[in-house]
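A.B. asks: Right, I'll just put the structure down here and ask away after.
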Amino acid sequence: MVKKKDIIVFGSLNMDLVVNTTKFPNLSETIVCDKFYTSPGGKGGNQAVAAARLASKEYKVKFIGRVGEDIFGKEILKNLESENIDTSFVKITKNISTGIASIFIMPNGENSVNAVYGANYKIDNSQINDFEKISDDAGVLLLQQEIPNKTLDLILKMAYKKRIPVILDPAPYKENVSQMYKNINIITPNEIEASNISNTEIKDMLSAKKAGRYIRNLGCDNVIITLGSKGVWVETENISEHVSSYEVTAKSTVAAGDAFNGALGYGVVKNNNLQESIYLAIAASSMCVTRDGAQNSMPKIDEVLKFINYNEK
C-alpha cells in the first residue's frame with residue numbers, strides 16, 4: 267500500500283484584530299464601528315486550516331512557522347491543534363510578539379489590512395532544516411510571502427530539488443522576488459498582485475490573460491489569478507481560460523485566497539487534475555466569504571461537496 271503524502275504549510279501565523287466598519291477613516295478621523303473580535307489568522311495558518319478541514323484526517327497537515335511567547339501565540343497553537351494540524355515544528359520565539367493583522371471589513375465584505383509580522387520574520391535556516399526532516403513525506407508545500415525573502419528563496423530551491431509540488435500565494439506583493447518564481451508549480455496572485463508582478467493593469471479578462479502569460483514566462487508552470495467574485499483566470503501550458511465563481515452574498519473576503527490555496531493543496535495530494543482542484547477551490551472560497559472570521563470561515567469537505575452538488579442542479 268502506497269503511503270499517503272502530507273500537506274506541508276511553511277509560513278505565517280498572525281492574530282487577526284478585526285473591526286466591522288461602514289467606512290475607512292481618513293487621516294485624523296475617528297469612526298464609530300459596529301463590531302470587534304479577534305480570530306487566529308495569518309495566510310499560512312488560514313491555508314493550513316482550510317486544507318485540514320477538507321482533508322478530514324485523510325491526510326496529515328503539518329505546519330512550520332513561528333509565534334511569540336505571548337497569549338496570541340498560545341491561542342493560535344491551541345486552535346491549530348484543535349484542527350488536527352501538527353504543530354511540532356512551530357517555534358515559540360522570545361522577545362518578539364506574535365504576528366498581528368489589524369483588519370477593517372466593510373459591509374460588502376471588502377477589507378483593508380495593516381500587518382505587523384513579528385515572529386514570522388524570525389523564521390530562519392533552522393526551520394528549513396525542519397522542512398528537510400519531513401520533506402520525504404511531503405505531497406505538496408504551501409507558501410506565502412509573509413516570511414523573509416531569503417528563507418522563501420531557500421525553501422523554494424529545496425522543494426524544487428526534491429520535486430515537491432509548490433503552491434505560492436505571492437502576498438503581500440514584494441519587489442525583486444520574481445526570480446524565485448521559476449521554482450514554483452502553481453502561483454496564485456490576486457488581481458492587484460498579478461498587476462504589480464506583470465506591470466499590467468488587470469481590468470478585464472484580456473488583461474488578465476496578458477498578465478497570466480507574463481507571469482508564466484517567469485518560469486511558473488501554472489498561473490491562477492484570483493479575481494474575487496469574478497472567479498479566476500487560469501494560464502498553463504494547455505489552458506488559457508476564465509473560470510467563473512459562484513454567486514454568493516459576501517460577509518468577509520479576508521480569507522478567500524487562503525481557502526482557495528488550502529483547497530488547491532488538498533487537490534494536489536489527492537492527485538486530482540488541476541481543473542478539478544480549481545473547481546473545488548472556487549467552491550471552498552465561495553463558501554468561506556459567506557462567513558465571519560478567517561480560520562472559522564473555512565468549510566469542511568462534506569459542506570463543499572454539498573454546496574457543489576446544490577449549485578449544479
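By the working numbering, the letter at position 305 of the sequence shown is numbered 571, and the numbering carries on one by one without gaps. Using N, Cα and C, we set each Cβ at its ideal position, and we do this for glycine too. The structure displayed is predicted, hence computed values, not measured ones.
1. Give me, in chain order, the residues of the same chain whose beta-carbon lies closer than 7 Å to that of Thr-556; leave out the 5 immediate sequence neighbours on both sides.
2. Mind checking which residues open and close the beta strand (DSSP E) that includes Gly-365?
3. Can you tell me where the beta strand (DSSP E) holding Ile-274 begins and where it ends?
4. Tell me the DSSP bridge mates of Gln-541?
5. Take the Cβ of Glu-503 as the centre, count every other Cβ of all protein chains shown within 10 Å, and call the residue buried at 16 or more, exposed below.
6. Could you compute how far the alpha carbon of Gln-561 sits from the alpha carbon of Gln-411?
7. How big is the Cα-Cα spacing for Lys-301 and Lys-340?
8. When the Cα atoms are used, what is the spatial distance from Tyr-303 to Phe-355?
9. What does the alpha-carbon distance come out to for the pair Lys-326 and Glu-459?
10. Do Ala-550 and Ala-529 have their C-beta atoms closer together than 8 Å?
11. May I ask you to report which of helix, strand or coil DSSP gives Thr-417?
12. If we call anything under 8 Å between Cβ atoms a contact, is Gly-311 one with Ile-342?
13. Does Phe-573 come out as helix, strand or coil in the three-state DSSP assignment?
14. Can you tell me whether Ala-560 is helix, strand or coil according to DSSP?
15. So for Ile-330, helix, strand or coil by DSSP?
16. Taking just the CA atoms, how far does Thr-519 sit from Glu-376?
17. Can you tell me whether Leu-546 is buried or exposed, with buried defined as 16 or more other CB within 10 angstroms of its CB?
18. Once you ignore the five residues that flank Met-267 on each side, which residues in its own chain have a CB closer than 8 Å to its CB?
19. Counting beta carbon pairs with one atom in the region 311-321 and one in the region 451-471, are three or more of them shorter than 8 Å?
20. May I have the straight-line CA-CA distance separating Asn-527 from Leu-408, to the nearest angstrom?
21. How far does the alpha helix (DSSP H) with Tyr-532 in it extend, from its first residue to its last?
22. Let's see if you can read the secondary structure: which residues bound the alpha helix (DSSP H) around Val-285?
23. Is the number of C-beta pairs between the region 494-511 and the region 467-481 that are closer than 8 Å three or more?
24. Below 8 Å, how does it come out for the region 328-337 and the region 379-386: are there three or more Cβ pairs, yes or no?
25. Could you check the C-alpha separation between Pro-436 and Ser-444 for me, to the nearest Å?
26. Sorted by chain position, which residues of the same chain lie with C-beta nearer than 8 Å to Glu-507's C-beta, five sequence neighbours on each side aside?
27. For the beta strand (DSSP E) that Val-514 lies in, which residues bound it at each end?
28. Within 10 angstroms of the Cβ of Lys-360, are there 16 or more other Cβ atoms? Answer buried if so, exposed if not.
29. Does the distance from the CB of Lys-323 to the CB of Val-535 come in under 8 Å?
30. Look up Asp-470 in the DSSP assignment and say whether it is helix, strand or coil.
31. Under 8 Å between C-beta atoms, does Asn-442 make it to chain C?
C.D. replies: In brief:
1. For the purposes of this step, residue 556 is taken as residue 290 along the sequence shown, with counting starting at 1. The residues are Val-514, Thr-515, Ala-516, Lys-517.
2. Numbered from its first residue, the sequence shown carries residue 365 at position 99. Under the DSSP assignment, Gly-365 falls in the beta strand (DSSP E) whose first and last residues are 365-371.
3. As a working note, residue 274 is residue 8 in the sequence shown. Start and end: 272-276.
4. Numbered from 1 along the sequence shown, position 275 holds the residue referred to as residue 541. According to DSSP, which records beta bridges pairwise, Gln-541 is partnered with nothing at all.
5. Here residue 503 is taken as the residue at index 237 of the sequence shown, counted from 1. Exposed, by the Cβ-count rule.
6. Counting from one through the sequence shown, the residue named residue 561 turns up at place 295. Counting from one through the sequence shown, the residue named residue 411 turns up at place 145. The alpha-carbon atoms of Gln-561 and Gln-411 are separated by roughly 19 Å.
7. Position 35 of the sequence shown, counted from the first residue, corresponds to residue 301. Position 74 of the sequence shown, counted from the first residue, corresponds to residue 340. Just so you know, the alpha carbons of Lys-301 and Lys-340 end up roughly 24 Å apart.
8. As a first step, residue 303 is located in the sequence shown; it is residue number 37 there, counting from the start. As a first step, residue 355 is located in the sequence shown; it is residue number 89 there, counting from the start. Each residue's alpha carbon lies about 28 Å from the other.
9. Within the sequence shown, residue 326 is the residue found at index 60, counting from 1. Within the sequence shown, residue 459 is the residue found at index 193, counting from 1. In a straight line, the C-alpha of Lys-326 is about 30 Å away from that of Glu-459.
10. Taking the first residue of the sequence shown as 1, we reach residue 550 at position 284. Taking the first residue of the sequence shown as 1, we reach residue 529 at position 263. Against a cut-off of 8 Å, the Cβ pair of Ala-529 and Ala-550 comes out as a contact.
11. Counting from one through the sequence shown, the residue named residue 417 turns up at place 151. DSSP places Thr-417 within a helical segment (H, G or I) once states are collapsed to three.
12. The residue labelled residue 311 in the question sits at position 45 within the sequence shown. The residue labelled residue 342 in the question sits at position 76 within the sequence shown. Gly-311 places its beta carbon less than 8 Å from that of Ile-342.
13. As a working note, residue 573 is residue 307 in the sequence shown. Phe-573 falls in the helix class under three-state DSSP.
14. For the purposes of this step, residue 560 is taken as residue 294 along the sequence shown, with counting starting at 1. Here Ala-560 sits in coil by DSSP.
15. By one-based count along the sequence shown, residue 330 stands at place 64. DSSP, reduced to helix, strand and coil, places Ile-330 within a strand of the structure shown.
16. Position 110 of the sequence shown, counting from 1, holds the residue named residue 376. Position 253 of the sequence shown, counting from 1, holds the residue named residue 519. C-alpha separation (whole angstroms): 6 Å.
17. Within the sequence shown, residue 546 is the residue found at index 280, counting from 1. Buried.
18. As a position in the sequence shown, residue 267 is number 1, starting the count at 1. Bear in mind that the predicted position of Met-267 carries a pLDDT of just 48, short of 50, making it too unreliable to give a figure here.
19. Taking 8 Å as the limit for Cβ pairs, the verdict is that the region 311-321 does not touch the region 451-471.
20. By 1-based counting over the sequence shown, the position of residue 527 is 261. By 1-based counting over the sequence shown, the position of residue 408 is 142. Inter-residue distance for Asn-527 and Leu-408 is about 8 Å (C-alpha atoms, whole angstroms).
21. Locating residue 532 in the sequence shown gives position 266, counting from the first residue. Its alpha helix (DSSP H) spans residues 522-535.
22. Taking the first residue of the sequence shown as position 1, residue 285 is located at position 19. Secondary structure note for Val-285: it is in no alpha helix (DSSP H), and the uninterrupted beta strand (DSSP E) holding it is 280-286.
23. Flag = yes, the region 494-511 and the region 467-481 touch.
24. The region 328-337 is in contact with the region 379-386.
25. Within the sequence shown, the letter at position 170 stands for residue 436. Within the sequence shown, the letter at position 178 stands for residue 444. Inter-residue distance for Pro-436 and Ser-444 is about 9 Å (C-alpha atoms, whole angstroms).
26. Indexing the sequence shown from 1 puts residue 507 at position 241. For Glu-507, where only same-chain residues beyond five positions count, the Cβ hits under 8 Å are Trp-499, Val-500.
27. Within the sequence shown, the letter at position 248 stands for residue 514. DSSP places Val-514 in no beta strand (DSSP E); its state is neither H nor E.
28. Here residue 360 corresponds to residue number 94 of the sequence shown, with the count starting at 1. Label assigned to Lys-360: exposed.
29. In the sequence shown, the residue the question calls residue 323 occupies position 57. In the sequence shown, the residue the question calls residue 535 occupies position 269. The criterion of a C-beta distance shorter than 8 Å is not satisfied by Lys-323 and Val-535.
30. Translated into the one-based positions of the sequence shown, residue 470 becomes position 204. Judged by DSSP in its simplified three-state form, Asp-470 adopts coil rather than helix or strand.
31. Protein chains in the displayed structure number just one, and chain C is not present.
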